[in-house]
């Protein structure tokens, strides 16, 4: 693990962005800004994953966002409770949380995924209202759908 140069939180050496703030870690493969061809991205939007350069990135409350204004509101009102590797997995979790009466948003980051991103935890974020986050995590733990339970066990060679 390395520390994010923007927020100081731990970041996997294999990650293409800090999961907390969206900053591109020093030493990671260069990303090109989605809106400004030829400009190097300094971060990814914490909601959609769009690579953004210094000209188009907006930093609010220590997190980077793209040009879509609704993403700031979504990030302020909701919390990511888990990342999923597939839309099927995200739908399964969404259905279980909906049955418990929770408000869920599944946001796919597929539009901006690049090949080396495969080491990141997921391509779909499951979000709930911030005040429902702990209850949602408890439900996922009880159903063995939390990230720890869904992780594949290490297999001996």
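Residue numbers (our numbering): 375 to 531.
We treat Cβ as the ideally placed atom computed from N, Cα and C, and that holds for glycine.
### Query
Is the Cβ-Cβ distance between residue 500 and residue 455 less than 7 Å?
Yes.
### Message
Considering Cα atoms alone, identify which of 498, 458, 408 and 437 is closest to residue 335.
### Response
One cannot answer for residue 335 here, as it falls past the ends of the chain, which runs 375 to 531.
#### Entry: For residue 435 and residue 450, the rounded distance between their alpha carbons
9 Å
### Task
Inspect the CB distances between the region 509–524 and the region 463–476 and report whether three or more fall short of 8 Å.
yes
#### Entry: Inter-residue CB distance, residue 430 and residue 407 (contact presumed, cutoff 8 Å)
7 Å
### Task
Report buried or exposed for residue 439, applying the criterion of at least 16 other Cβ atoms within 10 angstroms of its Cβ.
buried
#### Entry: Where residue 460 falls, given that 16 or more other Cβ within 10 Å makes a residue buried
exposed
### Message
I'd like the list of long-range same chain contacts for residue 494, defined as Cβ closer than 6 Å, with 5 residues on each side in sequence excluded.
### Response
Residue confidence for residue 494 is low, a pLDDT of 48 falling below 50, so the modelled location carries little weight; the figure read from the coordinates is stated next. 389.
### Task
Keeping to the same chain, check which residues put their C-beta closer than 6 Å to that of residue 394; ignore five residues upstream and five downstream.
Shown here for residue 394: same chain residues with a beta carbon closer than 6 Å to its own, the five before and five after excluded, namely 381 and 383 in chain order.
### Message
Looking at the strands, I want to know which residues DSSP matches up with residue 481.
### Response
499, per the DSSP bridge assignment.
### Message
I need the DSSP call for residue 437, collapsed to helix, strand or coil.
### Response
strand
### Task
Could you check how far apart the C-beta atoms of residue 425 and residue 411 are, in whole angstroms? I think they sit under 8 Å.
With a Cβ gap of about 11 Å, residue 425 and residue 411 do not count as contacting.
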